[in-house]
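A.B. asks:
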Amino acid sequence: MTDDLTSPLPVMAPDAALGILTDREADADPELMRGAALVHLIALVRQGLELDDTEDVPVDVPVDQLGVDSLLALEIGDHVFDATGAVLTVEDVAQRPTLGGLAALIVADLRQQRAT
Numbered sequence: 001m002t003d004d005l006t007s008p009l010p011v012m013a014p015d016a017a018l019g020i021l022t023d024r025e026a027d028a029d030p031e032l033m034r035g036a037a038l039v040h041l042i043a044l045v046r047q048g049l050e051l052d053d054t055e056d057v058p059v060d061v062p063v064d065q066l067g068v069d070s071l072l073a074l075e076i077g078d079h080v081f082d083a084t085g086a087v088l089t090v091e092d093v094a095q096r097p098t099l100g101g102l103a104a105l106i107v108a109d110l111r112q113q114r115a116t
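What the sequence shown shows, in full-length UniProt numbering, is residues 1 to 116, in sequence order.
1) Report all residues from its chain with a CB closer than 8 Å to the CB of THR89; omit the five preceding and five following residues, and keep chain order.
2) Alpha carbon to alpha carbon, how far is GLU25 from ALA104? Give it in angstroms, no decimals.
3) Are the Cβ atoms of LEU63 and THR98 separated by less than 8 Å?
4) At the level of alpha carbons, what is the spacing between MET33 and ILE20?
5) Determine the DSSP secondary structure at THR98, reduced to helix, strand or coil.
6) Between which residues of its own chain and THR22 is the CB-CB distance below 7 Å, once the five residues before and five after are set aside?
7) When we look at the beta-carbon of ALA17 and count the other beta-carbons within 10 Å, is it buried (16 or more) or exposed?
8) Alpha carbon to alpha carbon, how far is GLN112 from MET1? Give it in angstroms, no decimals.
9) Please identify the residue among ARG46, PRO14, ARG114 whose C-alpha is closest to the C-alpha of ALA86.
10) Rounded to the nearest angstrom, what separates ILE106 and ALA37 at their Cα positions?
11) So, is THR6 buried or exposed, given that buried needs 16 or more other C-beta atoms within 10 angstroms?
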């Protein structure tokens, strides 16, 4: 799985996205999981930056350019862990700074955890 997005984002509510990320049977479709991770991350960025649902949050722009600072990155990482068990560190944000890259990390971590 790469950081490059080749398909449009799925249309789903953030709660449905979180349900997919916590559903072990969704592992069969990593692209569905990645789309769900993106929807979930976008919702967290919108909440953290106090954006409304109509404001665009590009998934291929570094998150610091979106306004995500290190404190918000920590909060997002904590929320992702609490909600899904996937580990997303500030270092991950520095190394894979787009939401697309972070979604790929979340999916890889969840799939690895479930394989063991």
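Yeah, the Cβ is synthetic: ideal placement off N, Cα and C, and Gly gets one too.
Note that this is a predicted model, so its numbers are computed, not measured.
C.D. replies: With the structure as the only source:
1) Correct list, in chain order: GLY77.
2) Taking the straight line joining both Cα atoms gives about 18 Å.
3) Residue identity differs from the one stated: residue 63 is Val in this sequence, not Leu. Taking 8 Å as the Cβ cut-off, VAL63 and THR98 qualify as a contacting pair.
4) Near 6 Å, if we compare the C-alpha coordinates of ILE20 and MET33.
5) Here THR98 sits in strand by DSSP.
6) Counting only Cβ-Cβ distances below 7 Å, and skipping sequence neighbours, we find THR84.
7) Buried, because 16 or more other Cβ atoms sit within 10 Å of the Cβ of ALA17.
8) Since pLDDT at MET1 reaches only 43, below the 50 mark, its modelled position is unreliable, and the value read off the structure follows with that caveat. Going from the Cα of MET1 to the Cα of GLN112 covers about 13 Å.
9) By alpha-carbon distance to ALA86, the top candidate from ARG46, PRO14, ARG114 is ARG114.
10) If you take the alpha carbons of ILE106 and ALA37, they lie about 7 Å apart.
11) Here THR6 scores only 47 on pLDDT, less than 50, and its place in the model is too uncertain to base an answer on.
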